[in-house]
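Quick notes on the structure that follows.
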Amino acid sequence: MNLSISALILSGGLSSRMGEEKRLIHYHGKTQEQYLFDLLKNYCSDVYVSINQNQTTDLPYIQDLDLPIKSPMVGIISAFQQNPNTAWLVVACDMPFVDEKAVAYLLQNRNQEKYATAFENPDEHFPEPLLTIYEPKIYEKLQEAVNQGKKSPMKVLQSLDIQLIKEYNLQWITNINTVEERTNINLF
Ligand SMILES: Nc1nc2c(ncn2[C@@H]2O[C@H](COP(=O)(O)OP(=O)(O)OP(=O)(O)O)[C@@H](O)[C@H]2O)c(=O)[nH]1
Numbered sequence: 292m293n294l295s296i297s298a299l300i301l302s303g304g305l306s307s308r309m310g311e312e313k314r315l316i317h318y319h320g321k322t323q324e325q326y327l328f329d330l331l332k333n334y335c336s337d338v339y340v341s342i343n344q345n346q347t348t349d350l351p352y353i354q355d356l357d358l359p360i361k362s363p364m365v366g367i368i369s370a371f372q373q374n375p376n377t378a379w380l381v382v383a384c385d386m387p388f389v390d391e392k393a394v395a396y397l398l399q400n401r402n403q404e405k406y407a408t409a410f411e412n413p414d415e416h417f418p419e420p421l422l423t424i425y426e427p428k429i430y431e432k433l434q435e436a437v438n439q440g441k442k443s444p445m446k447v448l449q450s451l452d453i454q455l456i457k458e459y460n461l462q463w464i465t466n467i468n469t470v471e472e473r474t475n476i477n478l479f
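Here the sequence shown stands for residues 292 to 479, numbered as in my numbering.
In structure tokens form, the structure reads like this:
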């Protein structure tokens, strides 16, 4: 149990490609938001679902601030606004392969001196921003980016000194956005 870290399950997107809310899909016998909540509470001091202003959930949640952009960045900034003194382990709800091994591995590789700890995409060599530990000092960098109208958390990560994990199970960062992708995945 790492008490100095909170978890955020990003779920506030529009799911327009899937046509239904991705956080409510069952890959593991329960909704994806419940699955990730149950998983992450074993590792983090508290866990929240990140939802937009039109969503509700029975789980603990952080609702998006009223910002002029639509992006996962809004969810992350809203979490830091609620608690700027914790690190945030951020996971997108549409990553069904995230499991105990993925979370434990991310935490083992965490470098608290850096702005963040993220998996490196093997092809493009960019940091995957949606299965990442964001350390408290990155909050002001995210705010600066949003104030400049930028909405890509990946680009913010790219511009900073972060811990990049290069060897890992690539499935962990696979996200499922469409019905076709969903029917083609083999979880077990
Ligand atoms: N809290 C919050 N989460 C978001 C927001 N936009 C996207 N996300 C989450 O970020 C992750 C990646 O989102 P995308 O797949 O890029 O977008 P999406 O809206 O979920 O799906 P599409 O509408 O099909 O693009 C998902 O877990 C989303 O729920 C937002 O504005 N607020």
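By construction, the Cβ of each residue, glycine as well, lies at the ideal position given by its N, Cα and C atoms.
Nearest neighbour of residue i, chosen from the options [CA to CA]
| i | options | result |
| --- | --- | --- |
| Lys392 | His319, Gly303 and Tyr459 | Tyr459 |
| Tyr425 | Leu398, Phe417 and Lys441 | Leu398 |
| Gln439 | His319, Pro359, Thr348 and Asn345 | Pro359 |
| Leu287 | Asn400, Ala436 and Glu431 | Since the first residue of the chain shown is 292 and the last is 479, residue 287 is not available in this structure. |
| Ala436 | Ser362, Asp385 and Glu419 | Ser362 |
| Trp463 | His317, Tyr326 and Phe388 | Phe388 |
| Ile299 | Thr347, Gln344, Glu312 and Ile368 | According to the sequence shown, residue 299 is Leu rather than Ile. Per the Cα distances, Ile368. |
| Cys254 | Asp385, Leu380 and Tyr430 | What the structure shows of the chain is the stretch from 292 to 479, and residue 254 is not part of that stretch, so it cannot be assessed. |
In DSSP terms, what residue i is bridged to
| i | result |
| --- | --- |
| Thr408 | Ile424 and Gln454 |
| Pro418 | Glu411 |
| Thr474 | Partner(s): none; Thr474 has no beta bridge. |
DSSP state of residue i mapped onto helix, strand, coil
| i | result |
| --- | --- |
| Ile467 | coil |
| Asp329 | helix |
| Gln344 | coil |
| Tyr430 | helix |
| Leu299 | strand |
| Gln439 | coil |
Cα-Cα separation between residue i and residue j, rounded to whole angstroms
| i | j | result |
| --- | --- | --- |
| Ala395 | Val470 | 29 Å |
| Met364 | Leu433 | 8 Å |
| Lys442 | Leu448 | 12 Å |
| Leu294 | Ile476 | A caution first: Leu294 carries a pLDDT of 46, below 50, which makes its placement in the model too unreliable to give a value. |
| Phe410 | Met445 | 11 Å |
| His416 | Val382 | 19 Å |
| Thr377 | Leu331 | 15 Å |
| Gly304 | Glu404 | 30 Å |
| Ile456 | Asp414 | 14 Å |
Self-check item: Segments assigned beta strand (DSSP E), at least 3 residues, entirely inside the stretch 362 to 404
Solution: 378 to 383
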